[in-house]
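Asks:
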Amino acid sequence: WTEKQVDALGQVGWLQQQLEGKDAVADQLRQDLRASEEQCRQLLGEHCQLVSAKTQGEGQLQALVNEIQLLKGQLQAAEQQVTQGTTLGALGAKEQEAHELQNQVDALSAKCKALETRVHEAKTDTQLQLDPINLQEALGLAQAELARQQATSVETQRMSAELEQKLRTQEVEVAALTGEVKGRHEEQARLMELITQLQDRCQEVPRLEATLWAQKEQAEREVASLTAAVQDSKQVVAALTLANTQLDEAVRGQAGRAEQAELAL
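Residues in the sequence shown are numbered consecutively from 39, following my numbering.
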């Protein structure tokens, strides 16, 4: 063996060791890639669950909108009622439900942010672990999967923003309904005050009625007295008429006798 052959043989052995090390690294990277793909599938499943939860939240929000519309009708019908305790309680329950739904949306947003963080970490780990020379195809697949996950996350954020906007709109409507209910309550307080005044006046009615009955009885007695006086006056007039008639007859009789006396003379 010459010195060059020995050196060449040593270099071949060293290259074989390096190649074996590269193969081991490639195997490890392939295992890491499979683990990353599994993690991406898990993240995709979680995204699907979040999308389903968002859809369910939108359904609950629509149901809340319908109930608020129904509550508006109940508020209009309650204008003729004396109190609004039941309606106010229902409105408070709807406000509580809206707050709970807002809390759910916040929780979903937090999960989305955490999921985005995990996707970013998975992308970073994959980019650090993959061999850019030997595993370009695997890297492209992983990046495509991560891009799809990011698109799903963006869609989830958009749905969350829309849901939050709807919730803010509903909060404005609930605030308007609350102000309207307060106005109705103040108006009904004024009605209650008027009712109290009417009740006070109604309590005076028996006393006024007794006074009127007493005045009526007094008037009836006076009318009876006047009627009796009129009857007495009629009797006096009749007597005077009779006396006048008799007087006229007596005068005529005396006149007749006077004429006869004159004729006799």
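Even for Gly, the Cβ is constructed at its ideal location relative to N, Cα and C. Keep in mind the model is a prediction, meaning the values are calculated, not measured.
(1) How many angstroms separate the CA atom of Gln66 from the CA atom of Arg72?
(2) Taking just the CA atoms, how far does Gln273 sit from Ala262?
(3) Rank Gln80, Gln226, Leu108, Thr93 by C-alpha distance to the C-alpha of Val212 and give the top, closest one.
(4) Report the rounded CA-to-CA distance for Glu218 versus Glu224, giving the unit in angstroms.
(5) At the level of alpha carbons, what is the spacing between Trp251 and Gln241?
Replies: According to the structure data:
(1) Within the sequence shown, residue 66 is the residue found at index 28, counting from 1. Within the sequence shown, residue 72 is the residue found at index 34, counting from 1. Distance between the alpha carbons of Gln66 and Arg72: 10 Å.
(2) Stepping through the sequence shown from its first residue, residue 262 is reached at position 224. Stepping through the sequence shown from its first residue, residue 273 is reached at position 235. Between Ala262 and Gln273, the C-alpha separation is close to 17 Å.
(3) Stepping through the sequence shown from its first residue, residue 212 is reached at position 174. Per the Cα distances, Leu108.
(4) Here the question's residue 218 lines up with position 180 in the sequence shown. Here the question's residue 224 lines up with position 186 in the sequence shown. Between Glu218 and Glu224, the C-alpha separation is close to 10 Å.
(5) Indexing the sequence shown from 1 puts residue 251 at position 213. Indexing the sequence shown from 1 puts residue 241 at position 203. Those two C-alpha atoms are separated by around 17 Å.
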